[in-house]
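**Q** When the letters of the sequence shown are read in order and numbered with the working numbering, they come out as residues 204 to 343. From the three backbone atoms N, C-alpha and C, an ideal C-beta is built for every residue, glycine too. Below you'll find the structure I mean.
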Amino acid sequence: MRLSFPITLALGFSLMAAGCQQNSQKTELKVEKKICTQLERVGQALEMADALTPQSTVGEAQKVRKELRDSMRALAASETKLEKIRYAQFEQQGKDFRGEIRAIKKDSSMTLEQAATTLKERAQPLIAAHKALKSGVNCP
């Protein structure tokens with residue numbers, strides 16, 4: 204079976220995108236792991252705050268305040284980084300899918316059924332990226 208140039212080009216782009224997607228997923232997993240660690244750190248700071256007693260010193264209270272502030276800042280920074288990674292994945296998948304559509308549009312030998320099947324398959328990474336993006340917010 205001989206593939207037309209636009210289809211061959213689209214397949215090449217798909218393979219490159221798959222490699223980039225794996226790197227993004229690894230980065231996302233690292234950031235998620237970091238967020239879990241930081242959530243634990245915030246929890247420890249809250250436990251320190253809960254352990255304060257009337258006999259605690261001002262210095263102890265300041266230490267708790269600093270630990271809580273620092274851990275919450277680090278958590279916020281990682282959350283922001285994770286959002287950016289997920290949006291970048293979504294944006295890249297959208298760009299790749301638009302490229303797939305352009306390639307199919309140029310291939311006049313392809314039937315509508317072949318085009319629909321190909322596009323449905325190629326849309327899956329974009330759909331997954333969209334779901335990941337939506338998972339970070341509570342939409343009505």
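Using the Cα positions of ALA332 and PHE300, report the straight-line distance between them to the nearest angstrom.
**A** Taking the straight line joining both Cα atoms gives about 12 Å.
**Q** Does DSSP classify ALA326 as helix, strand or coil?
**A** Looking at ALA326 - three-state DSSP - the assignment turns out to be helix.
**Q** If we ignore side chains and look at the alpha-carbon of each, how far apart do GLN241 and ARG305 end up?
**A** Taking the straight line joining both Cα atoms gives about 43 Å.
**Q** Should PRO328 go down as buried or exposed, given a rule of 16 or more other Cβ atoms within 10 Å for buried?
**A** By the 10 Å Cβ count, PRO328 comes out buried.
**Q** Take the Cβ of SER338 as the centre, count every other Cβ of all protein chains shown within 10 Å, and call the residue buried at 16 or more, exposed below.
**A** Exposed, by the Cβ-count rule.
**Q** Give every residue of the same chain whose Cβ lies closer than 7 Å to the Cβ of ALA264, excluding the five residues on either side of it in the sequence, and list them in chain order.
**A** Excluding sequence neighbours, ALA264 sits near LEU255.
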